[in-house]
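Engineer:
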Amino acid sequence: MTDLHSSRDLGFMRRALELARRSRPSPNPRVGAVVVKGDAILGEGFHERPGLPHAEVIALRAAGDRARGAELFVTLEPCCHEGRTGPCTESVHAAGVRRVVIGMIDPDENVRGRGIAELERLGHEVTIGALEGEIRNMLEGYVMHRTYGRLLVRLKAAVSLDGAMSTRTGESRWISGEESRRRAHRLRSDADAVVIGVGTALADDPLLTVRDAVGPTPLRVVLDSALKTPIDGRLIASAAPSQPVLLAHTERGIARVAAYHERRGVETLLCDADPGGLVRLGPVLEALSAREALSVLVEGGPTVLRSFAAAGLADRFSLFLAPKLIGSGRTWMPLADIDSIEDAVAVRIDATERLGEDLLVEGAFVPEAKPRA
């Protein structure tokens, strides 16, 4: 087993990663695979949904007899156990593949290195770790679920250098640049659900679809205690089986309005109210988990972002910092006043990246994620 990667290896693994992003098979991981001989792609595929063949099997079937002596590039370690489908390691061996290049070891306890060991036992050359960082970012929700048994919650915000999401009058378009907005769409495409508050729905009339990235649109969720999301807005108008919308509300939501939304194909979820009359976040996450979601991207305004952080429900954050100073705008994390540095909310910065004139800062809330009751 080796972990050395040529530019050729990285190029074919990038193609496998592009394929993986095309579907959302939660609770299974997104996986792409490419069968290669020389510089020619003989077959490729991605895992579409649970119960259907895995990416490796689809790619090998497409290659047919040409797979003998070829190389297989796959974003995640092939499984070696019997699940809804048979072991992928058996399919790889039966196809006569010479070499297997794996992006990332599968964190699932049923696999976790066993697939690699089985491939090597069967005589295949194995290389691991190609584009592992990018693949791990795409699969963060899957890793969280397999490690802690719950979904991952990421907060996303575009802010000025002094931390404002908008001016004091509410204007926010556009704080960040085009490259940042494209990356934000990729974050959205990697999530199973995207969450906003009704304030954002009223102010921005967003679509929340995936446009500047590869991948399906996630479940679009609005925290809307009184069901005030405009019935003639773009969210409601675009609701469809392939682009679902869920309105989480409390008893303040008028029953006839809920029924109207249901007739339009918009789902509604009745939740308990918190002391402030807003939707309790815990039941919303439980409902998303019951739908086999693995990750949630919170794109709401300051109130929603703060609510997740204050409740200890946020795991990670992605901040797009723009080189602007706004002054008395709305801060992205309006926490209660803190008098002592010892009481400050601790975070960990994991990575920074220049995106045009902006700076993307990604990190985690500390202490790190652990199982929630």
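Numbering (our numbering), first residue to last: 65 to 437. We treat Cβ as the ideally placed atom computed from N, Cα and C, and that holds for glycine. Owing to the predicted nature of the structure, the values given are computational and were not obtained by experimental measurement.
Flag this pair as touching only if the segment 330 to 343 and the segment 219 to 239 have three or more C-beta atom pairs under 8 Å; answer yes or no.
Structural biologist: Too few Cβ pairs lie closer than 8 Å, so no.
Engineer: Hey, quick one: how far does the alpha helix (DSSP H) through residue 346 stretch, first residue to last?
Structural biologist: As a position in the sequence shown, residue 346 is number 282, starting the count at 1. Its alpha helix (DSSP H) spans residues 345 to 354.
Engineer: State whether the segment 112 to 131 contacts the segment 362 to 375, with contact taken as three or more CB pairs (one from each stretch) at a distance under 8 Å.
Structural biologist: No, because fewer than three Cβ pairs between the segment 112 to 131 and the segment 362 to 375 fall closer than 8 Å, the two stretches do not touch.
Engineer: Where does residue 92 land, buried or exposed, given buried means 16+ other C-beta within 10 angstroms?
Structural biologist: As a working mapping, residue 92 is identified with position 28 in the sequence shown. Under this definition residue 92 is a buried residue.
Engineer: Can you check which of these residues, 180, 164 and 214, is closest to residue 359 by C-alpha distance?
Structural biologist: Position 295 of the sequence shown, counted from the first residue, corresponds to residue 359. Looking at the Cα atoms, 214 is the closest of the given residues.
Engineer: Can you grab the Cα-Cα spacing for the pair residue 144 / residue 185, in whole Å?
Structural biologist: As a first step, residue 144 is located in the sequence shown; it is residue number 80 there, counting from the start. As a first step, residue 185 is located in the sequence shown; it is residue number 121 there, counting from the start. Their Cα atoms are separated by approximately 12 Å.
Engineer: Does the Cβ of residue 127 lie closer than 8 Å to at least one heavy atom of the ligand FMN?
Structural biologist: Absence of the ligand FMN from the depicted structure is noted, as is the absence of any ligand whatsoever, leaving it without description.
Engineer: What do you reckon, are the CB atoms on residue 239 and residue 265 nearer than 9 Å?
Structural biologist: Counting from 1 along the sequence shown, the entry for residue 239 is found at position 175. Counting from 1 along the sequence shown, the entry for residue 265 is found at position 201. Contact: no.
Engineer: Distance, Cα to Cα, residue 362 vs residue 411?
Structural biologist: As a first step, residue 362 must be located in the sequence shown, where it is residue number 298. As a first step, residue 411 must be located in the sequence shown, where it is residue number 347. Approximately 17 Å between the Cα atoms of the pair.
Engineer: For residue 154, which beta-bridge partners are listed by DSSP?
Structural biologist: Locating residue 154 in the sequence shown gives position 90, counting from the first residue. The partner list for residue 154 (beta bridge, DSSP) is empty, contrary to what the question assumes.
Engineer: Where does the unbroken alpha helix (DSSP H) through residue 368 begin, and where does it stop?
Structural biologist: Locating residue 368 in the sequence shown gives position 304, counting from the first residue. 366 to 374 is the span of the alpha helix (DSSP H), which, as asked, contains residue 368.
Engineer: Can you tell me where the alpha helix (DSSP H) with residue 229 in it begins and where it stops?
Structural biologist: One-based indexing of the sequence shown puts residue 229 at position 165. Here residue 229 belongs to no alpha helix (DSSP H); instead the beta strand (DSSP E) covers 228 to 230.
Engineer: When you compare the CB positions of residue 414 and residue 244, do they come within less than 9 Å of one another, or not?
Structural biologist: As a first step, residue 414 is located in the sequence shown; it is residue number 350 there, counting from the start. As a first step, residue 244 is located in the sequence shown; it is residue number 180 there, counting from the start. No, they are not a contact pair.
Engineer: Is it the case that the Cβ atoms of residue 260 and residue 348 are separated by a distance below 9 Å?
Structural biologist: As a first step, residue 260 must be located in the sequence shown, where it is residue number 196. As a first step, residue 348 must be located in the sequence shown, where it is residue number 284. No.
Engineer: Here's a check: name, in chain order, each residue in its chain whose Cβ is nearer than 8 Å to the Cβ of residue 218, leaving out the five neighbours to either side.
Structural biologist: By 1-based counting over the sequence shown, the position of residue 218 is 154. If we look at residue 218 and ignore the five residues flanking it on each side, its Cβ neighbours are 204, 251, 255, 359, 360, 361, 362, 378, 379, 380, 381 and 382.
Engineer: Could you give the distance in angstroms between the alpha-carbon of residue 427 and the alpha-carbon of residue 314?
Structural biologist: Mapped onto the sequence shown, residue 427 falls at position 363. Mapped onto the sequence shown, residue 314 falls at position 250. If you take the alpha carbons of residue 427 and residue 314, they lie about 32 Å apart.
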